[in-house]
Ligand SMILES: [Zn+2]
Ligand SMILES: [Zn+2]
């Protein structure tokens, strides 16, 4: 189970709602937040066991895993500071 984040950049208006992060029913798998510089995306991807993390959009392996906490992170599209917000609600 886990929670959702919202990413929002007020400079270029790039916004991603409801990004799920957390641990799966199988505790060895986790949904982690990532920043992909290849396609300029923020999202989440499964990690753990033999799964090497990949971009959920362009499947690039050169992604940066991010801390799952609210705060300011660089926007992958315009490199300006953008906000990561913890959303209400959980997923099972
Ligand atoms: Zn931006
Ligand atoms: Zn990508």
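In the numbering used here, the protein residues as written are 469 to 560. Even for Gly, the Cβ is constructed at its ideal location relative to N, Cα and C. None of the values given here were measured: they were computed from a predicted structure.
DSSP on residue i, reduced to helix/strand/coil?
{"i": "residue 521", "result": "coil"}
{"i": "residue 479", "result": "coil"}
{"i": "residue 505", "result": "coil"}
{"i": "residue 474", "result": "strand"}
{"i": "residue 534", "result": "coil"}
{"i": "residue 528", "result": "coil"}
{"i": "residue 542", "result": "strand"}
Quick one, are the C-beta atoms of residue i and residue j less than 9 Å apart?
{"i": "residue 479", "j": "residue 524", "result": "no"}
{"i": "residue 528", "j": "residue 543", "result": "no"}
{"i": "residue 533", "j": "residue 541", "result": "no"}
Below 8 Å on the Cβ atoms is my contact criterion, and I expect residue i with residue j to pass it. Report the Cβ-Cβ distance as a whole number of Å.
{"i": "residue 473", "j": "residue 554", "result": "6 Å"}
{"i": "residue 490", "j": "residue 499", "result": "6 Å"}
{"i": "residue 558", "j": "residue 492", "result": "With a Cβ gap of about 13 Å, residue 558 and residue 492 do not count as contacting."}
For residue i, which residues in the same chain have their Cβ closer than 8 Å to its Cβ, ignoring the five residues on either side in sequence?
{"i": "residue 511", "result": "484, 487, 501, 502, 504, 523, 524 and 525"}
{"i": "residue 513", "result": "499, 500, 502, 521, 522, 523, 524 and 531"}
{"i": "residue 519", "result": "497"}
CB-CB under 6 Å to residue i, same chain, minus the five flanking residues each way: which ones, in chain order?
{"i": "residue 515", "result": "498, 500 and 521"}
{"i": "residue 477", "result": "543 and 550"}
Excluding five sequence neighbours on each side, which residues of the same chain lie with their C-beta closer than 7 Å to the C-beta of residue i?
{"i": "residue 509", "result": "523, 525 and 544"}
{"i": "residue 517", "result": "496 and 497"}
{"i": "residue 482", "result": "543 and 545"}
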